[in-house]
Amino acid sequence: MSLIHLEGLSKVYRVGDQEIRALDEVNLRIEEGEFIAIIGSSGSGKSTLMHLLGCLDTPTAGRMEICGKDLAKASNDELARVRNREIGFVFQAFNLLPKLDVVSNIALPLIYAGVPSHERLARARKAAADVGLGERLSNRPPQLSGGQCQRVAIARALVNNPRILFGDEPTGNLDSATGRMILETFDALHASGKTIVLVTHDPAIAARSRRVIEIRDGRITREYAP
Ligand code: ADP
Ligand code: MG
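Just so it is clear: in the sequence shown, position 224 is 223 by numbering that gives the first Met the number 0, and no numbers are missing.
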């Protein structure tokens with residue numbers, strides 16, 4: 000069984016009396032352990048697709064099966080359950096809390112998951128060490144470089160041990176050398192068995208994946224191995 004299976008997936012946004020067809024009958028299967036880049040120009044529907052795959056939103060029409068569950072018409076609670084257990088997110092803007100130190104930022108998802116505090120700390124420390132931040136546990140985000148902030152965000156995404164890691168333009172705010180280091184972190188995670196889906200408009204990032212899916216005007220127009 001595929002980890003993710005989409006059939007005829009559509010998402011229509013209504014703004015006033017206007018309809019925006021952000022996704023238009025997308026069919027897609029993603030297998031466990033894949034490293035995929037979703038590529039397309041601005042406004043093509045990449046973030047919309049990632050929000051659906053990441054259980055942040057439901058489609059207007061179509062089938063959406065994630066980790067064996069049919070989620071096309073799921074309630075917010077059902078979506079939250081899958082999201083908290085199976086999915087990690089990394090965003091372009093890091094989205095860290097500036098007043099919390101590294102270890103507390105990383106531990107945040109464990110609070111929502113109801114993990115007791117001593118275990119939260121131990122798991123956050125290990126996740127920080129896994130991304131090379133073991134020495135920066137008590138720093139706060141304003142004291143860190145962009146690349147270090149993104150590694151904190153990756154550790155936070157991984158602390159629940161999710162099956163799928165999504166990144167929406169994860170190197171978009173970084174210089175190219177730092178961006179390459181972050182991509183090496185994704186490479187290592189892929190090698191360790193994680194399923195990785197990166198959304199990007201940058202062909203150089205897509206070239207690091209194993210399968211590129213190009214979308215245009217809400218439709219998959221091309222698929223290739225880089
Ligand atoms: P991308 O991430 O590739 O830039 P998006 O998925 O953000 O593309 O957007 C796809 C289309 O849907 C665009 O036309 C965008 O303006 C529209 N859109 C995205 N989110 C919303 C929303 N919440 N409400 C209305 N329109 C939206
Ligand atoms: Mg986007």
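Just so it is clear, CB atoms sit at the ideal spot from N, CA and C, and this is done for glycine as well.
{"Asked": "Closest residue to A60 among A126, G15, R20 (Cα-Cα distance)", "Found": "R20"}
{"Asked": "Those residues which DSSP pairs with K68 across a bridge", "Found": "I65"}
{"Asked": "Exposure of G217, with buried meaning 16 or more beta-carbon neighbours within 10 Å", "Found": "buried"}
{"Asked": "Cβ-Cβ distance between F264 and F88 below 7 angstroms", "Found": "The displayed coordinates of the chain run from 0 to 225. Any statement about residue 264 would go beyond what the structure contains."}
{"Asked": "Buried versus exposed, by CB contacts within 10 Å (16 or more), L52", "Found": "buried"}
{"Asked": "V158 versus L188, L22, E31, residue with shortest Cα-Cα distance", "Found": "L188"}
{"Asked": "The ligand MG heavy atom lying under 6 angstroms from the CB of K68", "Found": "no"}
{"Asked": "Those residues, in chain order, that have a beta-carbon closer than 6 angstroms to some heavy atom of the ligand ADP", "Found": "Y12, V14, I19, A21, G39, S41, G42, S43, G44, K45, S46, T47"}
{"Asked": "Cβ contact check for the stretch 120–129 and the stretch 36–45: 3 or more pairs under 8 angstroms", "Found": "no"}
{"Asked": "Chain-order list of residues whose beta-carbon lies under 7 angstroms from that of L95 (same chain, five-residue window excluded)", "Found": "N104, P140, C148, V151, A152"}
{"Asked": "Delimiting residues of the alpha helix (DSSP H) encompassing G178", "Found": "175–190"}
{"Asked": "N-terminal and C-terminal residue of the alpha helix (DSSP H) that E85 is part of", "Found": "75–85"}
{"Asked": "Nearest-angstrom Cα separation, counted from C66 out to I163", "Found": "10 angstroms"}
{"Asked": "Neighbour-count burial assignment, M63, 16 or more Cβ in a 10 Å radius", "Found": "buried"}
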